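Residue numbers (our numbering): 7 to 362.
Think of the CB as a built atom: it goes at the ideal place given N, C-alpha and C, for glycine as much as any other residue.
What you are looking at is a predicted structure, and each value in this text was computed from that prediction instead of being measured.
Notes for the one structure printed next.
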């Protein structure tokens with residue numbers, strides 16, 4: 007599970023020249039960007055010959071607030087070489103939430119401790135803390151409750167198995183149960199998750215449990231309080247789409263939303279949208295893919311011809327495009343199994359597939 011718009015880089019912020027050697031060591035090991043206030047008697051120039059673009063020396067122009075803001079904008083993880091107080095004051099105005107913030111680690115100037123400060127789970131703060139501790143031979147300090155109890159938190163489960171947390175409040179509720187030594191059931195429609203301390207596998211969904219699915223609601227049981235159920239969504243749906251040229255985005259996205267809702271599929275589970283090559287620049291489909299935060303891929307008609315005979319034939323599409331269908335063959339070519347055949351609506355077609 008990636009956060010912060012899929013940002014993957016690491017930044018090191020070193021406000022004091024006393025932390026320079028630590029910064030250089032971490033920068034070499036992690037291949038990340040190092041922001042430093044002072045060159046410390048030309049040491050940086052001597053060491054690197056002014057050729058390393060990933061080391062930014064500011065001198066008197068160093069502004070911790072601005073540097074931290076820049077690091078937040080480009081980084082998934084940030085390492086401060088400073089006191090905890092300095093780091094807290096620097097990041098406080100920028101914090102948005104555990105699902106958006108980068109993991110933040112603080113290393114003291116003597117490299118005795120590496121402290122996971124913010125977004126230990128979703129932002130990878132705990133993970134980078136352990137890595138930094140190994141590099142510097144420092145003692146890792148991790149205070150997230152489930153970690154101190156030897157329990158894998160629900161947010162870590164989501165990250166480990168590439169699942170989407172549907173509701174952070176539900177994640178906090180489930181984490182609180184685990185911290186209170188309650189056993190949490192897992193209804194896993196894919197048998198993805200390995201059961202560990204604090205969890206048990208369940209066959210029927212109940213409250214106070216985790217549900218791994220691509221569905222909106224659990225139809226087998228009514229009156230469930232979903233605020234007490236953590237839904238972890240698997241992105242495994244492929245949407246094959248056909249439409250008339252210049253079909254408006256609003257029309258396409260509503261068609262998608264209505265169709266998924268009709269068949270009880272969560273819109274967050276859409277992994278990819280696919281279509282025929284002539285639609286590669288179809289603005290409405292491109293905008294729909296952007297809205298759903300998924301890629302849009304097209305297939306050449308010659309490839310479509312290799313699988314088109316499995317699906318419903320359209321003489322109109324054959325006449326206009328030279329193939330007998332679009333939405334279902336494209337789902338097939340995306341290595342997905344068609345589970346909802348062609349849906350037609352006002353000049354648009356949609357097929358829903360699931361990745362095997």
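Check your understanding: Would you call the CB atoms of residue 163 and residue 238 closer than 8 Å?
Key -> yes
Review point. Rounded C-beta distance between residue 293 and residue 255? I'm assuming under 8 Å.
Key: 4 Å
Exercise for review: Closer than 7 Å by C-beta to residue 199: which residues in its own chain qualify, once you throw out the five before and the five after it? Chain order, please.
Suggested key: 163, 167, 192 and 218
Review point. Secondary structure at residue 333, three-state DSSP: helix, strand or coil?
Key: Note: residue 333 maps to helix in three-state DSSP.
**Study point:** Residue burial classification, residue 250 (beta-carbon count within 10 angstroms, cutoff 16)
**Key:** exposed
Review point. According to DSSP, is residue 355 helix, strand or coil?
Key: strand
Check your understanding: Where does residue 109 fall in DSSP's three states?
Key -> Residue 109 falls in the strand class under three-state DSSP.
Point to revise | Cross-strand partners of residue 194 (DSSP beta bridge) | key: 218
Review point. Do residue 361 and residue 280 have their C-beta atoms closer together than 8 Å?
Key: no
Point to revise | Residue burial classification, residue 189 (beta-carbon count within 10 angstroms, cutoff 16) | key: exposed
Check your understanding: Can you tell which of 356, 276, 133 and 323 has the C-alpha that lies nearest to the C-alpha of residue 240?
Key -> 276
Point to revise | Neighbour-count burial assignment, residue 266, 16 or more Cβ in a 10 Å radius | key: Residue 266 comes out buried.
Check your understanding: By DSSP, does residue 41 sit in helix, in strand, or in coil?
Key -> Strand, per DSSP.
Review point. So the beta strand (DSSP E) residue 277 belongs to, where does it begin and stop?
Key: Per DSSP, the unbroken beta strand (DSSP E) holding residue 277 starts and ends at 276-282.
Exercise for review: Per DSSP, which residues does residue 206 bridge with? Please list them.
Suggested key: 191
Point to revise | Between the CA atoms of residue 318 and residue 330 - distance to the nearest angstrom | key: 8 Å
Check your understanding: For residue 5, which of 321, 71 and 174 has the nearest alpha-carbon?
Key -> Given that the chain is displayed from residue 7 to residue 362, the structure contains no residue 5 and the question cannot be resolved.
**Study point:** C-alpha distance - residue 248 paired with residue 306, whole-angstrom precision
**Key:** 14 Å
**Study point:** Residue interval of the alpha helix (DSSP H) (run including residue 36)
**Key:** From DSSP, the alpha helix (DSSP H) with residue 36 extends over 26-36.
Exercise for review: Classify residue 17 as helix, strand or coil using the three-state DSSP reduction.
Suggested key: strand
Practice item. Kindly list the residues whose CB is nearer than 6 Å to the CB of residue 206, restricted to its own chain and excluding five residues on each side of it in sequence; keep chain order. Key: Excluding positions up to five away in sequence, the list reads 189 and 191.
Exercise for review: Below 6 Å CB to CB, which residues in the same chain sit around residue 170 once its five sequence neighbours on both sides are set aside?
Suggested key: 239 and 274
Point to revise | Bridge-paired residues (DSSP) for residue 246 | key: 280 and 357
Check your understanding: Buried or exposed: residue 278, going by 16 or more other Cβ atoms within 10 Å of its Cβ?
Key -> buried
Practice item. For residue 70, name the three-state secondary structure that DSSP assigns. Key: helix
Check your understanding: Rounded to a whole number of angstroms, what is the C-alpha to C-alpha distance between residue 194 and residue 208?
Key -> 8 Å
Practice item. Could you check which residue in 196, 234, 308 and 291 has the C-alpha nearest to that of residue 301? Key: 291
Exercise for review: For residue 102, count neighbouring C-beta atoms within 10 Å of its own C-beta (all shown protein chains included) and say buried if the count is 16 or more, exposed if not.
Suggested key: exposed
Review point. Going straight from the alpha carbon of residue 62 to that of residue 110, what length do you get?
Key: 19 Å
Review point. Alpha carbon to alpha carbon, what distance is there between residue 338 and residue 187?
Key: 46 Å
Check your understanding: Which term fits residue 78, buried or exposed, when burial requires 16 or more other beta carbons within 10 angstroms of its beta carbon?
Key -> buried
**Study point:** Alpha-carbon spacing of residue 178 relative to residue 43, whole angstroms
**Key:** 38 Å
Check your understanding: Since residue 313 is in the alpha helix (DSSP H), which residue starts that stretch and which ends it?
Key -> Residue 313 -> no alpha helix (DSSP H), and no H or E assigned at all.
Exercise for review: Drop a sphere of 10 angstroms on the beta-carbon of residue 201, count the other beta-carbons inside from all chains shown, and report buried for 16 or more, exposed for fewer.
Suggested key: exposed
Exercise for review: Establish whether the CB of residue 187 and some CB of chain C are separated by less than 8 Å.
Suggested key: Of the protein chains in the structure, only one exists, and it is not chain C.
Point to revise | Top-ranked residue by Cα proximity to residue 215, from 327, 236 and 221 | key: 236
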